[in-house]
Structures are given as C-alpha cells and as structure tokens.
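Here is the structure we will look at.
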Amino acid sequence: MKKIILSQVSKRYGEQAVVNDLDLDMADGEFVVLVGPSGCGKSTTLRMIAGLEDVSSGTIHIAGRDVTQLQPGERNIAMVFQNYALYPHKTVYENLAFGLRMRKVPAAEIETKVQWAAQMLGIESLLPRKPRQLSGGQMQRVSLGRALVRSPEVFLLDEPLSNLDAKLRIRMREEIAQLHKRVGTNMVYVTHDQVEAMTLGDRIVIMNQGKVQQVGRPLDVYDSPANLFVAGFIGAPEMNLIKGTLQDVRGQVVFQAPGITVPLGGAMPLAAKSGAGVVLGVRPEHASMEGEGNGPMGSVSLVEQLGAQTLTMLELDGGDQSVPGSPSRFRVLTGRRDNVQIGDRARLTMDISRIHLFDAVSGVNLKVA
Ligand SMILES: Nc1ncnc2c1ncn2[C@@H]1O[C@H](COP(=O)(O)OP(=O)(O)OP(=O)(O)O)[C@@H](O)[C@H]1O
Ligand SMILES: [Mg+2]
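So the sequence shown is numbered by this note's numbering: it starts at 4 and just counts up by one.
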C-alpha cells in the first residue's frame with residue numbers, strides 16, 4: 004500500500020497558482036525530497052501535507068486515510084522546522100515530553116519514549132539542559148527528537164539544516180539518513196540544496212514554479228534529466244549547455260553552433276528533425292582537454308583546485324558572445340591536475356555517449372522523450 008498519495012493537489016492564493024496539479028505517491032518507508040529554487044512551492048506542498056495550509060483542489064491520503072479535510076493534529080504527522088522552535092524555559096527532557104503530556108500519554112510511556120529518542124539521537128547527556136545551553140546542531144537534534152517521540156506515520160522536514168554551518172550540515176545530513184534507516188518511517192524533506200536532495204532521497208521531486216519537473220531516483224535524474232530545467236538544477240558544477248542546431252549530414256547527426264561543429268554519429272533522435280534548434284548538454288566530468296578532440300579549441304580562463312579534482316574553465320574559440328546561449332565558457336572536471344595554467348590552449352573532447360540533447364523551445368530531453 005502507498006503511504007502518501009497526493010492527487011492533483013493545487014494551491015492558489017487569489018489569482019496566483021503556487022502549486023499546480025501535483026501528483027505524487029510514496030511507498031511505505033520511503034525518503035522523498037522536494038527540491039527546487041526559492042518560491043517554487045516546496046514549503047507550501049509540505050504544509051498542505053501537514054494540514055497547515057488548505058488545498059485549493061485535489062486530495063491527500065496518508066496511510067490509506069483521506070486526510071484532505073483533517074486538522075494537523077488528526078493526521079498523525081510530525082513536522083520539523085528550520086528554526087527549531089524549542090521552548091526556551093523548558094529542559095531538553097521537557098521539550099521532548101511536552102507534546103506527549105499534552106496528549107495525556109501516561110508518564111511511564113513518556114519516560115520510555117523520551118529516553119528512546121534521546122538515545123537514537125545521542126543526546127542523553129543533554130536532557131537536563133535548557134536550549135540556550137545547546138549548540139545549533141544539538142538544538143536541531145532536540146527538534147528532531149520532538150518529532151521522533153510522537154511515532155508519526157510521516158516526518159515532514161522543511162529545510163531543517165539551513166541554520167547550521169557547512170560542516171555541521173553535512174554531519175547532520177548523515178545523521179538524518181541514519182535515523183531514517185533506523186526508524187524506517189516515511190520522510191518528506193524540503194530543501195533548495197541539490198546536494199542534500201541527491202544524498203538523502205530515495206527519490207527526489209524536482210519542482211519549478213509550482214510544477215513537478217521530474218520524479219526519480221537521484222542517479223536516474225542525474226543521468227537522464229527530463230528537461231533543461233532539471234539538467235541545469237541538478238549537478239554541481241553545472242552541466243554545460245550550448246545552443247545550436249542538429250544537421251543531418253549523409254545520415255550522420257552533427258551538432259552545430261557558432262564556431263562549433265560536433266559530429267554526434269548515429270541517427271537523428273526520433274523527436275528531432277534536421278535543422279532543429281537544440282541545446283547540447285555536457286556534464287563537466289564528461290569532457291576533457293586531453294582526448295582525441297571532437298570539440299573546439301579554447302583557452303583556459305580559470306582553474307579551481309578542489310583537492311581531489313580540478314575544475315577548469317575553458318573559453319572556447321568561436322563562441323560568439325553576441326549570441327545568447329552561445330558557448331563561450333565550458334567547465335571541465337577532471338581528476339587532479341597540478342599543471343594547468345590560465346592561458347593554456349587545449350582542444351575540448353566530449354564523451355559523445357554521455358551527452359544530452361534538449362529541444363531548444365520546449366526544453367524536453369530528446370534522448371529521454
Ligand atoms: N500566504 C501567502 N499568500 C500569498 N502568496 C504566498 C503565501 N505563502 C506563499 N506564497 C507564495 O507561494 C510561492 C511558493 O512559496 P513557498 O513558501 O512554498 O516556496 P518554497 O519553494 O518553500 O521557497 P523557499 O525555498 O524560499 O522556502 C511563493 O511565490 C510565495 O510568495
Ligand atoms: Mg520554503
């Protein structure tokens with residue numbers, strides 16, 4: 004049975020539609036991440052699942068129940084927010100116990116649950132402290148613990164790590180992944196950080212402007228982005244995107260852009276015609292400056308030494324700056340290279356078996372479609 008089913012869920016504020024006909028179902032125990040740029044409707048979607056916002060249309064089922072019209076308290080969910088919202092004058096123990104006390108849970112059961120949650124999160128020694136005596140990461144753990152003690156059907160988390168510094172965010176990210184494995188409860192997690200989405204989600208839902216762009220397992224989305232938006236959003240450093248056309252040259256497909264000709268071999272994608280406006284997509288790790296050279300020449304304009312890898316920006320010859328979307332800068336990600344210098348000349352090689360082609364107008368991935 005599906006744990007959560009959203010059917011045709013929409014949210015409008017007056018004339019403005021902020022979530023459009025969203026369909027999504029989640030298997031039992033699944034960790035689903037909603038990801039997308041600011042304002043795309045992630046929090047609104049989560050808040051509709053929680054019952055903190057009404058839906059304008061559509062239905063929401065949780066564990067086989069239609070909860071669309073139910074109050075938040077009747078939905079058996081627990082939500083974790085970005086600002087931990089702990090009670091400042093209560094101890095950690097009381098912060099964890101409070102919700103249970105309000106629901107008249109017997110004292111012995113409260114004690115068991117609080118101790119269990121504290122142990123899950125490694126905060127047993129913090130139980131007597133007040134929130135002001137905690138670090139940001141510890142507060143975030145307490146806030147997770149408060150959700151945990153309720154043994155909900157579903158955890159809803161809205162950017163729970165964004166108040167933490169970069170290092171702690173990575174550690175807490177690992178802890179949330181482990182917590183999910185241990186408790187096995189469904190989690191719906193909202194973030195605008197695509198790395199968090201890729202690393203945490205069993206599946207990720209990429210949203211833009213209130214619409215779902217793609218739903219899939221992280222690597223499937225990475226390997227086969229449904230459209231230009233997903234291609235540009237998922238992956239860091241970003242995919243290189245070059246505007247041009249496809250030409251059929253004696254049965255072989257050739258990509259052409261100002262100053263650039265790349266033989267792609269094989270047949271025209273079914274969805275494209277000769278002369279079609281397309282965008283060629285190449286992930287930085289699928290390009291190099293040492294191969295047989297099927298791309299244009301360029302000059303190195305920037306070198307970023309990342310430690311294990313080197314990110315090189317190549318300023319391509321022939322890239323016409325006056326043409327929007329014309330290729331002038333191309334990112335190449337390789338293993339560490341100590342000897343690349345700004346001004347070096349190199350010929351670009353692209354792994355043709357890994358390239359993407361998008362319709363220039365609709366943005367649809369022509370190889371996936
Ligand atoms: N109460 C409201 N009245 C009118 N518009 C609203 C209201 N709440 C949210 N919106 C609008 O709905 C859109 C989606 O907001 P939402 O908070 O869901 O975005 P988000 O994806 O969570 O973004 P962020 O990453 O910045 O948190 C935004 O354009 C926002 O301005
Ligand atoms: Mg939000």
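Ideal Cβ positions, reconstructed from N, Cα and C, are used throughout, including at glycine. The model shown is predicted, which means the values in this text are computed figures rather than measured ones.
Note to self: Please report whether the beta-carbon of residue 211 lies at a distance below 8 Å from any beta-carbon of chain B.
What the structure shows: Among the chains of the structure shown, chain B does not appear; only one protein chain is present.
Could you check which residue in 149, 35, 319 and 41 has the C-alpha nearest to that of residue 82?
The residue with the shortest Cα to Cα distance from residue 82 is 149.
Notebook entry, point to check: Quick check: the region 353-363 against the region 229-247, are there 3 or more CB pairs under 8 Å?
Noted result: Short answer: they touch.
**OP:** Work out the CA separation of residue 187 and residue 95 for me, nearest whole Å.
**Re:** A direct Cα-to-Cα measurement between residue 95 and residue 187 gives close to 24 Å.
(message) For ligand 1, I want to know if residue 374 counts as a neighbour, meaning its beta carbon is within less than 7 Å of at least one of the ligand's heavy atoms.
(response) With the chain represented from 4 up to 372, any question about residue 374 goes unanswered, as that position is not in the structure.
Local conformation of residue 153 per DSSP, three classes: In the three-state reduction of the DSSP assignment, residue 153 falls in the coil class, being assigned neither a helical nor a strand state.
Review point. For residue 289 versus residue 354, is the C-beta distance shorter than 8 Å?
Key: Yes, Cβ-Cβ distance for residue 289 and residue 354 is below 8 Å.
Helix, strand or coil for residue 287? Go by DSSP, reduced to three states. Annotated three-state conformation of residue 287 is helix, per DSSP.
What do you reckon, are the CB atoms on residue 85 and residue 162 nearer than 8 Å?
The answer is yes: Cβ separation under 8 Å.
Quick one: is the Cβ of residue 45 within less than 7 Å of any heavy atom of ligand 1?
Checking every heavy atom of ligand 1 against the Cβ of residue 45, one is found closer than 7 Å.
Quick check: the region 204-215 against the region 14-28, are at least 3 beta-carbon pairs closer than 8 Å? Of all C-beta pairs linking the region 14-28 to the region 204-215, three or more are shorter than 8 Å, placing the two stretches in contact.
Q) Grouping DSSP H, G and I as helix and E and B as strand, with all else coil, what is residue 64? A) Note: residue 64 maps to strand in three-state DSSP.
* Asked: With respect to 7 Å, is the separation between the Cβ of residue 161 and the closest non-hydrogen atom of ligand 2 below this value?
  -> True, at least one ligand heavy atom lies under 7 Å from that Cβ.
For this session: Within the same chain, show all residues whose beta-carbon is closer than 6 Å to that of residue 9, passing over the 5 residues directly before and after it, in chain order.
Result: Closer than 6 Å at the Cβ level, and outside the excluded window around residue 9, lie 25, 27 and 63.
Using CA atoms only, rank isn't needed, just tell me which of 282, 108, 19 and 316 is closest to residue 247. Residue 247 has its Cα closest to that of 282, out of 282, 108, 19 and 316.
Quiz item: Looking only at its own chain, which residues have a Cβ that is under 7 Å from the Cβ of residue 41, when we skip the five neighbours before and after it?
Solution: Beyond the five residues adjoining it in sequence on each side, residue 41 comes within less than 7 Å, by CB distance, of 195 in the same chain, given in chain order.
query = Pairing CB atoms from the region 260-267 with CB atoms from the region 304-317, are three or more of them under 8 Å?
reply = Contact fails: fewer than three Cβ-Cβ distances are below 8 Å.
For the beta strand (DSSP E) containing residue 359, name the first residue and the last one. 359-362 is the extent of the beta strand (DSSP E) around residue 359.
Taking 7 Å as the line, does the beta carbon of residue 359 fall inside it for any heavy atom of ligand 1? With a cut-off of 7 Å, the C-beta of residue 359 is classified as distant from ligand 1, since no heavy atom of the ligand falls inside that distance.
query: Should residue 170 be labelled buried (16 or more other beta-carbon atoms within 10 Å of its own) or exposed?
result: With fewer than 16 other Cβ atoms within 10 Å, it is exposed.
- Task: Whole angstroms is fine: what's the gap from residue 87's alpha carbon to residue 250's?
- Result: Near 56 Å, if we compare the C-alpha coordinates of residue 250 and residue 87.
- Query: Taking 7 Å as the cut-off, does the CB of residue 183 come closer than this to any heavy atom belonging to ligand 4?
  - Reply: No copy of ligand 4 occurs in the structure displayed; its ligands are ligand 1 and ligand 2 alone.
Q.
Residues in the same chain with beta-carbon distance under 7 Å from residue 175, minus the five sequence neighbours each way, listed in chain order, please.
A. Closer than 7 Å at the Cβ level, and outside the excluded window around residue 175, lie 140, 143, 164 and 167.
Open item on the list: By the three-class DSSP mapping on this structure, what secondary structure does residue 2 have?
Closed with: The chain is shown only over 4 to 372; residue 2 falls outside these bounds and no answer can be derived.
* With 16 other CB atoms within 10 Å as the buried threshold, where does residue 126 fall? -> Residue 126 is classed as buried because its beta carbon has at least 16 other beta carbons within 10 Å across all chains shown.
Validate contact between the region 295-302 and the region 272-280 using beta carbons, cut 8 Å, 3 pairs
By the criterion of at least three beta-carbon pairs nearer than 8 Å, the region 295-302 is not in contact with the region 272-280.
ask   = Going by beta carbon distance, what residues of the same chain come within less than 8 Å of residue 61, once the five residues before and after it are set aside?
value = Once the five neighbours on either side are set aside, the close Cβ partners of residue 61 are 9, 10, 11, 12, 13, 24, 25 and 71.
- Task: Return yes when the C-beta of residue 54 is under 7 Å from any heavy atom of ligand 1, and no when it is not.
- Result: Checking the Cβ of residue 54 against ligand 1 gives no.
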